[in-house]
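Residue numbers (the numbering used here): 146 to 807.
Beta carbons are placed, not taken as given, at the ideal position from N, Cα and C, and that holds for glycine.
Structure (structure tokens):
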């Protein structure tokens, strides 16, 4: 299948479309600014409360007549542009495929090596987020604003979080239980020879302690020995950019320096730490989110959350040490060993956490509500620093392809580090109310993640969707889930080049991501909770219809509290959501006839841990029979605090081939 790199099949139509949109845009922009001036956010209200001169009110009185006059003057041109723009949409393609040709823009991100299905298996990481990038006047109804600046900041935070190398912490002594998954600033950087590393000392900030699990120490220690010795065999692809820090002990409660292992690039702790160096601070241009000390979600602060480490560069090549001494090259995350990872629910088979960062080595990203075209371009430019393949501006406009007129696209955006082989989009024809004005639908993708020694392609399927949002439209969402399953089945059949007798492709995973706009605890959502989709696809956070696992939390934030100091930074939001009282104050809870929609300040007992409407689903059906897929890690992410009213989610799947490492 040919992937569309431009919205129209020829240059003439593209030029005509640009001309028509140029006539429409002044009217669109003026109307957007006019409405936005009368819809303040809580952040702006607080700012204006400190203004004794009522300067903003004076500005509105002056600018409103000007906006109205210009709006009326632009209407004739907008009408002409609309008459040209609308029929052109029948020739428009359903998405734009963008591939990063100049790899120098990748900011030093290590290129992927092709998976050859050797060894015990490979893990793949998926992320999903609703980023609320609507026109500014509409975004304000969700209490967020400045869409263009937010788009750039969101993209920067995502790629900064995902591009951190993994750092694995190993604790030698079972009595040393105070090592935390914290931010400390020991730098390991290459210098001199190919395998020689130098350590730069820095300060440690402790936040939380890790619980030591002694019952698994035996098996883990044996695995640790194998990794340290760098035994023969194919290296794990996701660990190629991994720095391993080894903790030997503490000195009066302070973490010791890291001494590099010249063979494996491992850092061993020994000795007192010194004050940290000044980081490379990049000021956020998003007005609704102030950068503060401790705001580590954007990886631009002196301190980081419990999951952050310093910007580290581990690998071959020479680095100017003066550059290292003045800038952090990377922020690193901690990938803790199972034996020392803190688990509140020990009966769970995989790790789960509330994280201040997107996972390191994020492979696939599905975004919703990227409605604004200019914001989509800014977001794409930022994401291309990490993701090589992006599909954006997904959807249809005008009356083409759907029953009702569509003013905006589907809002879906997909980014991948692996090549996209096929893509297809379908619009839900049964949207109602305000949702009918957007071409909400489903985007289906087939990606190639490797190949076997027998030249069989290893592929995966990913679906990204956004369902009807209006409360009470249960029947509409169930119909959309039916269509989602049908379209996905048709997409897999149409793109498969294999047969049972002669498999040319091996399917490694099949994942569905998106904002489904219903939760698993509300009594009003019972029909969706019992849908057949959940018999074919597994939800890692769900026990059954109407019951989530105890550690699962809601993903819909209370808009009124987005700019409170307690939650306006990724670190602060993470700490708040880790407590039950904090969740009651800042998450929207399952709807009830006895409670209002806003939960702020509520102390009463509420069902569940908030409305979880953003989903990550996977299936074991239709995959290569000899392989097994298991969830390795699930995360609720606070890195976009202050930028959207949803919590992003991430899931890491392990595809086990059943073979032992050589």
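Distance check for residue j and residue i, CA to CA, integer angstroms please.
{"i": "residue 165", "j": "residue 550", "result": "18 Å"}
{"i": "residue 257", "j": "residue 498", "result": "26 Å"}
{"i": "residue 245", "j": "residue 622", "result": "36 Å"}
{"i": "residue 542", "j": "residue 287", "result": "24 Å"}
{"i": "residue 305", "j": "residue 532", "result": "11 Å"}
{"i": "residue 500", "j": "residue 714", "result": "12 Å"}
{"i": "residue 600", "j": "residue 650", "result": "9 Å"}
{"i": "residue 718", "j": "residue 308", "result": "22 Å"}
{"i": "residue 784", "j": "residue 273", "result": "13 Å"}
{"i": "residue 157", "j": "residue 149", "result": "16 Å"}
{"i": "residue 665", "j": "residue 626", "result": "15 Å"}
{"i": "residue 410", "j": "residue 506", "result": "The predicted position of residue 410 is uncertain, since its pLDDT is 44 and thus under 50; no value can be drawn from it."}
{"i": "residue 668", "j": "residue 724", "result": "25 Å"}
{"i": "residue 473", "j": "residue 639", "result": "With a pLDDT of only 38 at residue 473, under the threshold of 50, the placement of this residue in the model should not be trusted, and no figure is reported."}
{"i": "residue 382", "j": "residue 653", "result": "Any reading at residue 382 needs caution, since the residue's pLDDT is 46, under 50, leaving its predicted position unreliable; the model's value is listed next. When rounded, the distance between both Cα atoms is 16 Å."}
{"i": "residue 278", "j": "residue 803", "result": "43 Å"}
{"i": "residue 775", "j": "residue 798", "result": "6 Å"}
{"i": "residue 213", "j": "residue 232", "result": "29 Å"}
{"i": "residue 211", "j": "residue 227", "result": "23 Å"}
{"i": "residue 648", "j": "residue 767", "result": "13 Å"}
{"i": "residue 671", "j": "residue 596", "result": "42 Å"}
{"i": "residue 192", "j": "residue 281", "result": "18 Å"}
{"i": "residue 239", "j": "residue 195", "result": "47 Å"}
{"i": "residue 610", "j": "residue 788", "result": "21 Å"}
{"i": "residue 528", "j": "residue 259", "result": "22 Å"}
{"i": "residue 748", "j": "residue 712", "result": "Because the pLDDT of residue 748 is 39, which lies under 50, any placement of that residue in the model is unreliable, and the number read from its coordinates should be weighed accordingly. Going by the C-alpha atoms only, they are around 18 Å apart."}
{"i": "residue 562", "j": "residue 202", "result": "48 Å"}
{"i": "residue 525", "j": "residue 534", "result": "10 Å"}
{"i": "residue 629", "j": "residue 171", "result": "37 Å"}
{"i": "residue 183", "j": "residue 216", "result": "16 Å"}
{"i": "residue 511", "j": "residue 602", "result": "23 Å"}
{"i": "residue 186", "j": "residue 237", "result": "36 Å"}
{"i": "residue 225", "j": "residue 520", "result": "25 Å"}
{"i": "residue 691", "j": "residue 728", "result": "19 Å"}
{"i": "residue 493", "j": "residue 173", "result": "51 Å"}
{"i": "residue 168", "j": "residue 221", "result": "9 Å"}
{"i": "residue 540", "j": "residue 584", "result": "6 Å"}
{"i": "residue 241", "j": "residue 518", "result": "12 Å"}
{"i": "residue 795", "j": "residue 777", "result": "11 Å"}
{"i": "residue 679", "j": "residue 769", "result": "21 Å"}
{"i": "residue 569", "j": "residue 147", "result": "11 Å"}
{"i": "residue 710", "j": "residue 786", "result": "11 Å"}
{"i": "residue 741", "j": "residue 726", "result": "With a pLDDT of only 46 at residue 741, under the threshold of 50, the placement of this residue in the model should not be trusted; the figure read from the coordinates follows. Straight-line Cα distance between these residues: approximately 18 Å."}
{"i": "residue 295", "j": "residue 289", "result": "9 Å"}
Compute the beta-carbon to beta-carbon distance between residue i and residue j, rounded to the nearest angstrom, for a pair I have assumed lies under 8 Å.
{"i": "residue 270", "j": "residue 567", "result": "Residue 270 to residue 567, Cβ: 21 Å. No contact."}
{"i": "residue 138", "j": "residue 261", "result": "Here the chain has residues from 146 to 807 only, and residue 138 is not among them."}
{"i": "residue 516", "j": "residue 554", "result": "7 Å"}
{"i": "residue 779", "j": "residue 700", "result": "Going by Cβ atoms, the distance from residue 779 to residue 700 rounds to 12 Å, so no, they are not a contact pair."}
{"i": "residue 536", "j": "residue 588", "result": "7 Å"}
{"i": "residue 188", "j": "residue 708", "result": "4 Å"}
{"i": "residue 790", "j": "residue 685", "result": "Incorrect: roughly 23 Å between the Cβ atoms, too far for contact."}
Considering only their Cβ atoms, is the gap separating residue j from residue i smaller than 8 Å?
{"i": "residue 722", "j": "residue 758", "result": "no"}
{"i": "residue 763", "j": "residue 683", "result": "yes"}
{"i": "residue 229", "j": "residue 283", "result": "no"}
{"i": "residue 793", "j": "residue 559", "result": "no"}
{"i": "residue 800", "j": "residue 297", "result": "no"}
{"i": "residue 896", "j": "residue 523", "result": "Outside the shown range of the chain (146 to 807) lies residue 896, about which nothing can therefore be said."}
{"i": "residue 586", "j": "residue 571", "result": "yes"}
{"i": "residue 662", "j": "residue 612", "result": "yes"}
{"i": "residue 152", "j": "residue 538", "result": "yes"}
{"i": "residue 275", "j": "residue 514", "result": "yes"}
{"i": "residue 175", "j": "residue 219", "result": "yes"}
{"i": "residue 635", "j": "residue 575", "result": "no"}
{"i": "residue 565", "j": "residue 604", "result": "no"}
{"i": "residue 614", "j": "residue 580", "result": "yes"}
{"i": "residue 693", "j": "residue 753", "result": "yes"}
{"i": "residue 761", "j": "residue 656", "result": "yes"}
Pair every Cβ in the stretch 670-677 with every Cβ in the stretch 724-734, then say whether three or more of these pairs are closer than 8 Å.
No, because fewer than three Cβ pairs between the stretch 670-677 and the stretch 724-734 fall closer than 8 Å, the two stretches do not touch.
Considering only residues of the stretch 572-622, which uninterrupted alpha helix (DSSP H) runs meet the minimum length of 4 residues and lie entirely inside it, listed in chain order?
As far as the stretch 572-622 is concerned, it has no whole alpha helix (DSSP H) run of at least 4 residues.
Every unbroken alpha helix (DSSP H) inside the stretch 194-271 [4 residues or more]
Secondary structure within the stretch 194-271: the alpha helix (DSSP H) runs of 4 or more consecutive residues, fully enclosed, are 200-233 (chain order).
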